[in-house]
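In the working numbering, the protein residues as written are 37 to 264.
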């Protein structure tokens, strides 16, 4: 599995966890990458456990016992046998990760919108024993530009009509289109509900980039590509 495919596979559940548990998607994806070695670790292959979450006395589900490396504060590493949680699939692992971080000790992780601070907070809360854990996560986020996944896209339903060049008409759905395009880095537009030349130009660029017919008209396919 390529790195791009791995990220694409875990993102939907990471996005859902961000909405439900208020944990940055970039942090969730970075931890999954680090803890599972891009899905290749023995624990992930055997138990669908992406995050190395152990099965303590509170865990009532399936488990698997495996060797794992730990690190003392002085930097010395050692190996122990430990029981880990076992899941049916990766989505269940990501959901449980969000639930796991709902504990009080991770309160500084939840709601944090700066990925660097979130990485530091999860390390300081004792998630892992690696003394460089936060630095490793930040490196993964920045190298793979995972911070782009922290922007939750409003899931507006298609309004049922096409939106096209109409420079003198105000439309709230056009305003939503323009704001979304500006979030994605497109310019030439004012923050209003008018579909002018700049908006048409930005829509065409977006359509061309996403393999759509570049006609500058926002129909159902273009709308869903913007908001889904």
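We put the beta carbon where it would ideally sit given N, CA and C, even for glycine.
(request) Taking 8 Å as the cut-off, decide whether the C-beta atoms of residue 180 and residue 43 are in contact. (result) Translated into positions along the chain shown, residue 180 becomes position 144. Translated into positions along the chain shown, residue 43 becomes position 7. The answer is yes: Cβ separation under 8 Å.
(message) Under DSSP, the beta strand (DSSP E) around residue 185 begins and ends at which residues?
(response) Position 149 of the chain shown, counting from 1, holds the residue named residue 185. Secondary structure note for residue 185: it is in no beta strand (DSSP E), with a DSSP letter that is neither H nor E.
(request) Spatial neighbours of residue 257 within its chain, please: CB distance less than 7 Å, with the 5 preceding and 5 following residues excluded, ordered by chain position. (result) The sequence position of residue 257 within the chain shown is 221, counting from 1. Counting only Cβ-Cβ distances below 7 Å, and skipping sequence neighbours, we find 248.
(request) Give the single residue among 213, 228 and 61 whose Cα lies nearest to the Cα of residue 194. (result) Walking along the chain shown from the start, residue 194 turns up at place 158. Ranking the options by Cα distance to residue 194, first place goes to 213.
(request) Classify residue 179 as helix, strand or coil using the three-state DSSP reduction. (result) Translated into the one-based positions of the chain shown, residue 179 becomes position 143. Residue 179 falls in the helix class under three-state DSSP.
(message) Looking at residue 192: is its Cβ nearer than 8 Å to the Cβ of residue 231?
(response) As a working note, residue 192 is residue 156 in the chain shown. As a working note, residue 231 is residue 195 in the chain shown. No, the pair does not count as a contact, with Cβ atoms beyond the cut-off.
(message) By the DSSP assignment, the alpha helix (DSSP H) with residue 115 in it spans what residues?
(response) Locating residue 115 in the chain shown gives position 79, where the first residue counts as 1. No alpha helix (DSSP H) holds residue 115; the beta strand (DSSP E) holding it covers 113-121.
(message) Alpha carbons only, please: which of 48, 88, 76 and 95 is nearest the one belonging to residue 38?
(response) Within the chain shown, numbered from 1, the residue matching residue 38 stands at position 2. For the residues 48, 88, 76 and 95, the minimum Cα distance to residue 38 belongs to 76.
(request) Identify every residue that forms a DSSP beta bridge with residue 206. (result) Taking the chain shown and counting its residues from 1, one reaches residue 206 at position 170. According to DSSP, residue 206 bridges with 230.
(request) Assign residue 73 to buried or exposed, taking buried as 16 or more other Cβ atoms, counted over all protein chains shown, within 10 Å of its Cβ. (result) To locate residue 73, count along the chain shown from 1; it is residue 37. Per the 10 Å Cβ criterion, exposed.
(request) Might you give, ordered along the chain, the residues of its own chain that have their beta carbon closer than 6 Å to the beta carbon of residue 198, omitting 5 neighbours on each side? (result) Working through the chain shown from its first residue, we reach residue 198 at position 162. Within its own chain, the residues whose Cβ lies closer than 6 Å to the Cβ of residue 198, once the five positions on either side in sequence are excluded, are 253 and 255, listed in chain order.
(request) For my contact list, residue 99 and residue 120 are in at a C-beta cut-off of 8 Å; report their separation, rounded to the angstrom. (result) Against the chain shown, residue 99 aligns to sequence position 63. Against the chain shown, residue 120 aligns to sequence position 84. Going by Cβ atoms, the distance from residue 99 to residue 120 rounds to 6 Å, so yes, they are a contact pair.
(message) Quick check on residue 204: buried or exposed, where buried means 16 or more other Cβ atoms within 10 Å of its Cβ?
(response) Sequence index remark: in the chain shown, residue 204 carries index 168 (1-based). By the neighbour-count criterion, in which a residue is buried when 16 or more other Cβ atoms sit within 10 angstroms of its Cβ, residue 204 is exposed.
(message) Let me confirm a value: residue 239 is counted as buried when at least 16 other C-beta atoms fall within 10 Å, else exposed. Which label applies?
(response) One-based indexing of the chain shown puts residue 239 at position 203. Residue 239 sits buried, since 16 or more C-beta atoms from the chains shown fall within 10 Å of its C-beta.
(request) Per DSSP, which residues does residue 100 bridge with? Please list them. (result) Stepping through the chain shown from its first residue, residue 100 is reached at position 64. According to DSSP, residue pairing for residue 100 in a beta bridge involves 120.
(request) Please classify residue 177: is it buried, with 16 or more other beta-carbons within 10 angstroms of its beta-carbon, or exposed? (result) The sequence position of residue 177 within the chain shown is 141, counting from 1. Buried is the call here.
(request) Assign residue 139 to buried or exposed, taking buried as 16 or more other Cβ atoms, counted over all protein chains shown, within 10 Å of its Cβ. (result) Indexing the chain shown from 1 puts residue 139 at position 103. Exposed.
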